[in-house]
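**Student:** Take this structure first; my questions come after.
Residue numbers (my numbering): -14 to 396.
Listed below in structure tokens is the structure:
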């Protein structure tokens, strides 16, 4: 009898130990993605139990990305991001820290970066000094890559003491929500959304000039940047614009949806409707922001005679893989309009000719095409100015509403 009791006691202790190992701590974490060049890209997340289930909330300034696909096995945690082909696996250390890998799918092989996270740290960057200057406002920014190509952009920052938020606006969209600090004369900003991991740093030369900027993205990308304060700074004329080819007026496409059903732009559901054609990919963060916007808009306006359809260009021609990735978008944002798989890689140089030969080459994602009730192409926009841009997002929405309302009034 004593032996049975002892065995039961030992088994209980083992079970309790394993159970303890499979739990992460509730509260804030400071996480880092570690590049092979020694650069680390920091971000923050909060872990908490919601309705008996573990959740993470990744923070980027005012954004919160809810992650609820979390599982445990022995002393490890497995985290699947809700959108994108993105996941973490990490060992739970005795001090509560996490240590492992972040894996992201790509057009070729998976991208893998080392990952670590330390509990009980809400800050992203340590602060040692009072700010040298307040850089709030609008800036004309020059990015220069190693091949000497220069790309002009607009930076917008909001500084409150040492705290700094902002974004960069480009001809193709924006860098979403950036969060960081001004530490003395140093600028430090970063973001992580499951697909893109960005880290920006620079020096403040004066309240009117930023120098020695470096921009790190993902596993390898690196560019230098500088900026001058300019309240009138504008994004340069868009060289990535898309147009109808001479002699063309309409689109002619037919692709399968996520259930394998063929959907054509000539189907009756699109007849005499204003149609918004979203050219996108499930790998694209700006497409994620646009999908959320379009999904909300469609639910509120479809009874007015508006239809939306997405054409997805994915990393590979593997239909099963593409369906899984696109289904995440559909589920996450409650998308009620058709999301179609073109079956063409986003990296295919002939992607436009193979899918939408009526228009000039698609250069950027997302690209949005507006069709009138007569089925004719009325407007094409490239890029997307998302909610991370504040007032610019509000201006985008006003222009979007104006465009659609104008087309709805036509007979």
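Every residue gets a Cβ at the ideal spot worked out from N, C-alpha and C, and that includes glycine.
Alpha carbon to alpha carbon, how far is residue 238 from residue 250?
**Tutor:** Each residue's Cα considered, the two are about 6 Å apart.
**Student:** Determine the burial state of residue 159: buried for a count of at least 16 other Cβ atoms within 10 Å of its Cβ, exposed for fewer.
**Tutor:** Buried, since its Cβ has 16 or more Cβ neighbours within 10 Å.
**Student:** Since residue 381 is in the alpha helix (DSSP H), which residue starts that stretch and which ends it?
**Tutor:** Looking at the DSSP string, the run of the alpha helix (DSSP H) that includes residue 381 is 376 to 394.
**Student:** Which residues does DSSP list as the beta-bridge partners of residue 39?
**Tutor:** Answer is 34, bridged to residue 39.
**Student:** So residue 292 packs on residue 336, CB below 8 Å; how close in whole Å?
**Tutor:** Wrong, their Cβ atoms sit about 23 Å apart, outside the cutoff.
**Student:** Taking DSSP as the reference, what is the three-state secondary structure of residue 175?
**Tutor:** Residue state, collapsed to three classes: strand.
**Student:** Identify, in the order they occur along the chain, each residue of the same chain with its Cβ nearer than 6 Å to the Cβ of residue 390, setting aside the five sequence neighbours on each side.
**Tutor:** Contacts found: none.
**Student:** Is the separation between the beta-carbon of residue 43 and that of residue 55 shorter than 8 Å?
**Tutor:** Contact flag unset, no.
**Student:** Check whether the Cβ atoms of residue 34 and residue 70 sit closer than 8 Å, and answer yes or no.
**Tutor:** Not closer than 8 Å, so no.
**Student:** Does the segment 315 to 324 come within contact of the segment 207 to 216, defined as at least 3 CB pairs closer than 8 Å?
**Tutor:** Touching, no.
**Student:** Mapping the DSSP letters down to three states, classify residue 65 as helix, strand or coil.
**Tutor:** Of the three classes helix, strand and coil, the one that applies to residue 65 here is strand, per DSSP.
**Student:** Which stretch, first to last residue, makes up the beta strand (DSSP E) that contains residue 145?
**Tutor:** Its beta strand (DSSP E) spans residues 135 to 145.
**Student:** Give me the Cα-Cα distance between residue 108 and residue 281, rounded to the nearest whole angstrom.
**Tutor:** Answer to the nearest angstrom: the Cα atoms are 33 Å apart.
**Student:** Between 329, 58, 183 and 153, which lies nearest to residue 124 when the distance is taken from Cα to Cα?
**Tutor:** Measuring from the Cα of residue 124, the nearest candidate turns out to be 153.
**Student:** Taking 8 Å as the threshold (C-beta atoms), are residue 18 and residue 87 in contact?
**Tutor:** Yes, the pair counts as a contact, with Cβ atoms nearer than the cut-off.
**Student:** Which residue's Cα is closest to the Cα of residue 374: 271, 283 and 76?
**Tutor:** Comparing Cα positions, the closest option is 271.
**Student:** Can residue 221 and residue 315 be called in contact, C-beta distance under 8 Å?
**Tutor:** No, these two residues do not count as a Cβ contact at 8 Å.
**Student:** Between residue 92 and residue 300, how many whole angstroms is the CB-CB distance? I'm expecting something under 8 Å.
**Tutor:** Confirmed, about 5 Å.
**Student:** What are the partner residues of residue 164, as DSSP defines its beta bridges?
**Tutor:** DSSP output for residue 164 lists 150 and 175 as bridge partner(s).
**Student:** If we count the other Cβ atoms within 10 Å of its Cβ and call it buried at 16 or more, is residue 381 buried or exposed?
**Tutor:** Per the 10 Å Cβ criterion, buried.
**Student:** Inspect the beta-carbon positions of residue 149 and residue 240 and report whether they are closer than 8 Å.
**Tutor:** In this structure, residue 240 does not lie closer than 8 Å to residue 149 by Cβ.
**Student:** Since residue 13 and residue 106 should fall inside the 8 Å C-beta cutoff, what is the C-beta to C-beta distance between them, to a whole number of angstroms?
**Tutor:** Sure, about 6 Å apart at Cβ, within 8 Å.
**Student:** By the 10 Å Cβ neighbour count, where 16 or more other Cβ atoms means buried, how is residue 164 classified, buried or exposed?
**Tutor:** Flag for residue 164 reads buried.
**Student:** Helix, strand or coil for residue 304 per DSSP?
**Tutor:** In the structure shown, residue 304 sits in a helix (DSSP, three-state: H, G or I).
**Student:** I need the DSSP call for residue 217, collapsed to helix, strand or coil.
**Tutor:** Reduced to three states, the DSSP call for residue 217 is coil.
**Student:** Taking DSSP as the reference, what is the three-state secondary structure of residue 273?
**Tutor:** DSSP places residue 273 in helix when its eight states are reduced to three.
**Student:** Measuring alpha carbon to alpha carbon, tell me which of 341, 167 and 347 ends up nearest residue 144.
**Tutor:** With distances taken between Cα atoms, residue 144 lies closest to 167.
**Student:** Please name the residue or residues paired with residue 340 in a DSSP beta bridge.
**Tutor:** None; residue 340 has no bridge partner.
**Student:** Looking only at its own chain, which residues have a Cβ that is under 8 Å from the Cβ of residue 357, when we skip the five neighbours before and after it?
**Tutor:** So the qualifying residues of the chain are 259, 363, 392 and 395.
**Student:** Can you list the beta strand (DSSP E) stretches of 3 or more residues lying completely in the segment 194 to 250, in chain order?
**Tutor:** List check, beta strand (DSSP E) in window: 194 to 202, 206 to 214, 239 to 242 and 247 to 249.
**Student:** Which residue wins for smallest C-alpha separation from residue 340, given the options 262, 156 and 198?
**Tutor:** With distances taken between Cα atoms, residue 340 lies closest to 262.
**Student:** Spatial neighbours of residue 81 within its chain, please: CB distance less than 6 Å, with the 5 preceding and 5 following residues excluded, ordered by chain position.
**Tutor:** 10 and 104.
**Student:** Taking residue 201 as the reference, which of 354, 36, 24 and 361 has the closest Cα?
**Tutor:** For the residues 354, 36, 24 and 361, the minimum Cα distance to residue 201 belongs to 24.
**Student:** Rounding to the nearest angstrom, what Cα-Cα distance links residue 225 and residue 265 in this structure?
**Tutor:** Their Cα atoms are separated by approximately 15 Å.
**Student:** Leaving out the 5 sequence neighbours to the left and right, which residues in its chain are closer than 6 Å to residue 267 when beta-carbon positions are compared?
**Tutor:** Same-chain partners within the cutoff: 310, 311 and 314.
**Student:** Go ahead and pull the three-state DSSP assignment for residue 85.
**Tutor:** Strand at residue 85.
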